[in-house]
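K.L.:
Protein chains in written order, with this note's numbering: chain R, 1 to 320; chain Z, 1001 to 1450.
In this text, a Cβ means the ideal position worked out from N, Cα and C, and glycines have one as well.
Right, I'll just put the structure down here and ask away after.
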Amino acid sequence: MKHLLGIEQLSREEIEAILDRAESFAEVGKRDIKKVPTLRGRTIVSLFYESSTRTSSSFELAAKRLSADLVSIKAAGSSVDKGESLKDTVATLSAYEPAAIVIRHPYAGAAQMVAEWSEAAVINAGDGKHEHPSQALLDLFALRRRLDSLEGKKIWIVGDVLHSRVARSNLIAFKAMGAEVTVCGPPTLIPRDIERLGCAVSHSLDELDEADVVYVLRLQRERMKESFIPSIREYVTHFQIDSRRLGPRQILMHPGPVNRGIELSGDAIDSPQSLITEQVASGLMVRMAILYELLAVGGERPAPPVGDESPPPTPIGQPA
Amino acid sequence: MSLAEALDMRSGEGADLILRGATVFDPVAGIDGEHDVVIRGGRIAELTAPGAAPESDGMEVVDAAGLHAFPAFFDPHVHLRTPGQEHKEDLETGTRAAAAGGFCGVLAMANTDPPVSTPAAIEALREEARERASVPVGFFATVTREMAGEELTEMAAIRDAGAIGFSDDGLPIRSARILRRALQYQRLCGGTIALHEEDPELSVDGVMHEGAVSAALGLAGIPSVSESTMIARDAALAGYETGRIHVQHLSATESVEAVRAAKAAGVAVSCEASPHHLCLTDQEVQSLDPRRFKMNPPLRTEADRQALIEGLRDGTIDCIATDHAPHALEEKEVPFEQAAMGVTGLETAFAVLHTDLVLPGVIDLSLLIERLAGGAEPFGLERPTLAPGSEANVALCDLSAEWTVGEEGYESRSHNSWCAGRTLTGRVLMTVAGGQVAYRLRSFSLGVAS
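See the structure below:
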């Protein structure tokens, strides 16, 4: 695996290897010194063309925990503001010979283009409404810790599927792990023909009982102005997940940030069924695992360290 | 009036040429056999038995044994980007690309910078074409001033200045009221109105066909009905006003049906389909490569592609038009959603349709040749023909030659060919356009010299 461009390109084995690796990093997180020297002397560029809190911060912290040198660039205030093209920006940053470029971009396919232009391993941290593979992986990781296996489990993705890269990556990821997926939302926010991707489609929460996992998407308030929904109130009436709709054995997830009181009620967020805090915590471990798999393991994959007693990741290659 | 007389091109010597022993194929004129094609002073003088035409002084003799001579092709829909966007294309490079593709005439769209909206702009373009164009070129003017969709251009004065017709191509005419006025005014000034059919209320910010592939990629879709509903509206208006319209670049099943219904109802409507819509589907967009696969209208599904082929067969679709849309590299080397719409097509149209449709037996060679030259008549121009006595417009082709697109560069200034890198079977070796030799493939002409 040279790049992480989308879940689409990953096999179930590759997904499991990353999740297993993340498990080994969970142990590192419990140590006093939470840092390993694995990527010492290597450079990671974090290039964010969209605002992001959790994705950028957890990738950056993951890079630091692996002892990489980090260059962090936000579009605002950079040469991008001065009209530099993505290609030229990548060429400029390539002068630092980065081992990896983590990119978030408002348009689909940007990460793939960077991979063509650069020698670095490219990690897609979200491209347009296309894919957000690290989110899907951390969601799988958080779920696996709660459920062991997704085989045959029913997962409902509820909300604004049309505008959500998380919905797309997670749909693919959940299916790859053997789950059955239903996407649910108002017809205006469900892409035409999405059932051809192998999911069921529902426009009501009436059958939500069947779900083992309820994965709720963020609803942006601007969707009302664009006539995707008549009003927030009507959306809330039909699609908000609250403690009344959520069964006791169901798991609740959300990629954040939550619009409290819109797609989720406050009591649902704070309910014991909620996995939202664990999702955030998983982000760091999974992103360390992604960097490790791409940069330390590279193309060849050693046996996954399941049940491995030895301490995780030791430095590979020349020490700096 | 011949193409050279009706349109504008660089003045030059009429060709004196013998294509010795060519397989001459003009299905419309009923010509199919081996002949010497004798071209004298830029006109088809005679078709003799192979080897029978006497050589005379000043006549160039081309050994055309094993080669096909077709009536050259006519493209009613190209973007030559002049004025204002010469970094993409200009009259010289664009008409060279046309000649290299076997075209003996092209009609240039008016969505330049600024748009061609005045008689003076038409006159300036015609003058430039007389200096620089390798093949006869006709020019459209916009229907509405500056393509703003609000007020009509001075259509009569523009026609007097020599515009071939009117089109706001690149944009639809949103307002039914404006189009209706244009159709009424057409009775005064003539000139077919060519329509880019798209309801912007439905296409919104779409960048590809709306369907399973757009759902998977998270790209905003352009539904088929954004095209077909406008065709239905405009055909109804044209019928009501007895106007003459030409529907550009059909892409969807529903659109073919709408044109078929309009023709059956007696509306004076013609239409075109592009090589890329006849050969590709939205599956290609999975590559997220905007250089080859982003255009408007978008590539649609296999069912749509089949409907276009059926329309070509049954005559609903009158002609093939490339919608040759050159763009600079930096306008295409960006993420899909940000990239400019359009691909180049002049240099590859014949070869790719021969490779993808004729060789596998989807359509006959005769249908391809007929439709590739079908773009002249909808605009009141003479169809290119090999009939003796007519102006020489000939595409000399080697149907078995294999070549890789882009390997030797392009005649066009831009490199956004949707066929880039493909190996095609069938190649244009020489083009006579408007009576003049407009193009010779370098290796072919070198071979002749030795």
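Excluding five sequence neighbours on each side, which residues of the same chain lie with their C-beta closer than 7 Å to the C-beta of arginine 146 (chain R)?
P.N.:
Residue numbering aside, residue 146 (chain R) sits at position 146 when the first sequence is read from its first letter. Once the five neighbours on either side are set aside, the close Cβ partners of arginine 146 (chain R) are Ile251, Leu275.
K.L.:
Does DSSP put tryptophan 1418 (chain Z) in a helix, a strand or coil?
P.N.:
Sequence index remark: in the second sequence, residue 1418 (chain Z) carries index 418 (1-based). Coil at tryptophan 1418 (chain Z), not helix or strand.
K.L.:
Starting from glycine 109 (chain R), find everything on chain Z with Cβ-Cβ shorter than 7 Å and list it in chain order.
P.N.:
If you number the first sequence from 1, residue 109 (chain R) lands on position 109. Leu1288, Pro1335, Phe1336, listed in chain order.
K.L.:
Residues of chain R with CB closer than 8 Å to the CB of leucine 1219 (chain Z), please, in chain order.
P.N.:
What you label residue 1219 (chain Z) is simply residue 219 of the second sequence in a count that begins at 1. Within 8 Å Cβ-Cβ: Ala108, Gly128, Lys129, His130.
K.L.:
Out of R:Gly185, R:Asp212, R:Leu217, R:Leu4, state which residue places its alpha-carbon closest to the alpha-carbon of histidine 203 (chain R).
P.N.:
Numbered from 1 along the first sequence, position 203 holds the residue referred to as residue 203 (chain R). Here the closest residue by C-alpha is R:Gly185.
K.L.:
Name the DSSP bridge partner or partners of tryptophan 1403 (chain Z)?
P.N.:
Reading the second sequence from its first residue, position 403 is the one you call residue 1403 (chain Z). In the DSSP output, where bridge partners are listed per residue, tryptophan 1403 (chain Z) has Z:Leu1424.
K.L.:
Note down, in chain order, every chain R residue with its Cβ under 7 Å from the Cβ of glutamate 1330 (chain Z).
P.N.:
To locate residue 1330 (chain Z), count along the second sequence from 1; it is residue 330. Those are Ser85, listed as they occur along chain R.
K.L.:
Whose C-alpha, out of R:Thr53, R:Glu180, R:Leu47, is nearest the C-alpha of alanine 91 (chain R)?
P.N.:
Here residue 91 (chain R) is taken as the residue at index 91 of the first sequence, counted from 1. If we check each option's Cα against that of alanine 91 (chain R), R:Leu47 comes out closest.
K.L.:
Please state the DSSP three-state secondary structure of methionine 113 (chain R).
P.N.:
Numbered from its first residue, the first sequence carries residue 113 (chain R) at position 113. Correct three-state label for methionine 113 (chain R): helix.
K.L.:
Would you decide whether glycine 1066 (chain Z) is buried or exposed? Buried here means 16 or more other CB atoms lie within 10 Å of its CB.
P.N.:
In the second sequence, the residue the question calls residue 1066 (chain Z) occupies position 66. Exposed, because fewer than 16 other Cβ atoms sit within 10 Å of the Cβ of glycine 1066 (chain Z).
K.L.:
Mind checking if aspartate 193 (chain R) is an interface residue toward chain Z, Cβ cutoff 8 Å exclusive?
P.N.:
What you label residue 193 (chain R) is simply residue 193 of the first sequence in a count that begins at 1. Closer than 8 Å to some Cβ of chain Z, the Cβ of aspartate 193 (chain R) qualifies, so yes.
K.L.:
Do you know whose CA, among R:Pro191, R:Arg245, R:Arg223, lies nearest aspartate 212 (chain R)'s CA?
P.N.:
Your numbering for residue 212 (chain R) matches position 212 in the first sequence. Comparing Cα positions, the closest option is R:Arg245.
K.L.:
Using DSSP with H/G/I as helix, E/B as strand and the rest coil, what is asparagine 170 (chain R)?
P.N.:
Reading the first sequence from its first residue, position 170 is the one you call residue 170 (chain R). Here asparagine 170 (chain R) sits in helix by DSSP.
K.L.:
Using 8 Å as the threshold, is the region 1328-1341 of chain Z in touch with the region 1229-1245 of chain Z, meaning 3 or more CB pairs across them?
P.N.:
These segments do not touch.
K.L.:
Is there a C-beta anywhere in chain Z that falls below 8 Å from the one on histidine 105 (chain R)?
P.N.:
For the purposes of this step, residue 105 (chain R) is identified with residue 105 of the first sequence, where counting begins at 1. Yes, because at least one Cβ of chain Z sits closer than 8 Å to the Cβ of histidine 105 (chain R).
K.L.:
Would you mind giving the Cβ-Cβ distance between alanine 1069 (chain Z) and alanine 1022 (chain Z), rounded to the nearest angstrom? I have them listed as a contact below 8 Å.
P.N.:
In the second sequence, the residue the question calls residue 1069 (chain Z) occupies position 69. In the second sequence, the residue the question calls residue 1022 (chain Z) occupies position 22. Indeed they touch by this definition, with Cβ atoms about 4 Å apart.
K.L.:
Would you check if the region 1372-1380 of chain Z and the region 1304-1313 of chain Z touch, i.e. whether three or more CB-CB distances between them fall below 8 Å?
P.N.:
Touching, no.
K.L.:
Pick out whichever of R:Asp242, R:Met253, R:Ile262, R:Pro255 has its Cα sitting closest to the Cα of isoleucine 232 (chain R).
P.N.:
What you label residue 232 (chain R) is simply residue 232 of the first sequence in a count that begins at 1. Among R:Asp242, R:Met253, R:Ile262, R:Pro255, the Cα nearest to that of isoleucine 232 (chain R) is on R:Ile262.
K.L.:
Grab me the residues of alanine 1345 (chain Z)'s own chain with a C-beta within less than 6 Å of its C-beta, minus the 5 sequence neighbours each way, in chain order.
P.N.:
For the purposes of this step, residue 1345 (chain Z) is taken as residue 345 along the second sequence, with counting starting at 1. According to the sequence provided, residue 1345 (chain Z) is glycine. The question's alanine does not apply to it. For glycine 1345 (chain Z), where only same-chain residues beyond five positions count, the Cβ hits under 6 Å are Pro1275, Thr1322, His1324.
K.L.:
Counting beta carbon pairs with one atom in the region 1095-1104 of chain Z and one in the region 1403-1423 of chain Z, are three or more of them shorter than 8 Å?
P.N.:
Yes, they touch.
K.L.:
I want to see whether chain Z comes within less than 8 Å of glutamine 250 (chain R), judged by CB atoms only; does it?
P.N.:
By one-based count along the first sequence, residue 250 (chain R) stands at place 250. Answer no: the Cβ-Cβ gap between glutamine 250 (chain R) and chain Z never drops below 8 Å.
K.L.:
State the start and end residues of the unbroken beta strand (DSSP E) segment that holds histidine 1068 (chain Z).
P.N.:
As a first step, residue 1068 (chain Z) is located in the second sequence; it is residue number 68 there, counting from the start. Note, histidine 1068 (chain Z): beta strand (DSSP E), 1068-1071.
K.L.:
Count the other C-beta atoms from every protein chain shown that fall within 10 angstroms of the C-beta of glycine 1389 (chain Z), then say buried if there are 16 or more, exposed otherwise.
P.N.:
The sequence position of residue 1389 (chain Z) within the second sequence is 389, counting from 1. Under this definition glycine 1389 (chain Z) is an exposed residue.
K.L.:
Do we get a CB-CB distance below 8 Å when we pair serine 1450 (chain Z) with the residues of chain R?
P.N.:
In the second sequence, counting from the first residue as 1, residue 1450 (chain Z) sits at position 450. Note that serine 1450 (chain Z) scores a pLDDT of 39, beneath 50, so its modelled location is shaky and nothing firm can be said.
K.L.:
Excluding sequence positions up to five away, which residues of its chain have a Cβ less than 7 Å from the Cβ of phenylalanine 1074 (chain Z)?
P.N.:
Here the question's residue 1074 (chain Z) lines up with position 74 in the second sequence. Within the same chain, phenylalanine 1074 (chain Z) has close Cβ partners Phe1103, Cys1104, Gly1105, Ala1373, Gly1375, Ala1376, Pro1384.
K.L.:
Taking only the alpha-carbon atoms, compute the straight-line gap between serine 57 (chain R) and serine 118 (chain R) and give it to the nearest angstrom.
P.N.:
Walking along the first sequence from the start, residue 57 (chain R) turns up at place 57. Walking along the first sequence from the start, residue 118 (chain R) turns up at place 118. Their Cα atoms are separated by approximately 23 Å.
K.L.:
What did DSSP end up calling phenylalanine 1350 (chain Z) once you bin it into helix, strand or coil?
P.N.:
Here the question's residue 1350 (chain Z) lines up with position 350 in the second sequence. Here phenylalanine 1350 (chain Z) sits in helix by DSSP.
K.L.:
Counting only beta-carbon atoms, is glycine 1342 (chain Z) nearer than 8 Å to chain R?
P.N.:
Residue mapping note: residue 1342 (chain Z) aligns to position 342 of the second sequence, counting from 1. It does not; no Cβ of chain R falls within 8 Å.
K.L.:
Identify every residue that forms a DSSP beta bridge with glutamine 1436 (chain Z).
P.N.:
Stepping through the second sequence from its first residue, residue 1436 (chain Z) is reached at position 436. BP columns for glutamine 1436 (chain Z) point to Z:Ala1433.
K.L.:
Can at least three beta-carbon pairs, one atom from the region 154-164 of chain R and one from the region 216-236 of chain R, be found at a separation below 8 Å?
P.N.:
Touching, yes.
K.L.:
Would a C-beta distance cut-off of 8 Å place glycine 1138 (chain Z) and aspartate 1113 (chain Z) closer than the cut-off?
P.N.:
Counting from one through the second sequence, the residue named residue 1138 (chain Z) turns up at place 138. Counting from one through the second sequence, the residue named residue 1113 (chain Z) turns up at place 113. No, these two residues do not count as a Cβ contact at 8 Å.
K.L.:
Which same chain residues, not among the five before or five after aspartate 209 (chain R), have their C-beta less than 8 Å away from its C-beta?
P.N.:
Walking along the first sequence from the start, residue 209 (chain R) turns up at place 209. For aspartate 209 (chain R), where only same-chain residues beyond five positions count, the Cβ hits under 8 Å are Gly247.
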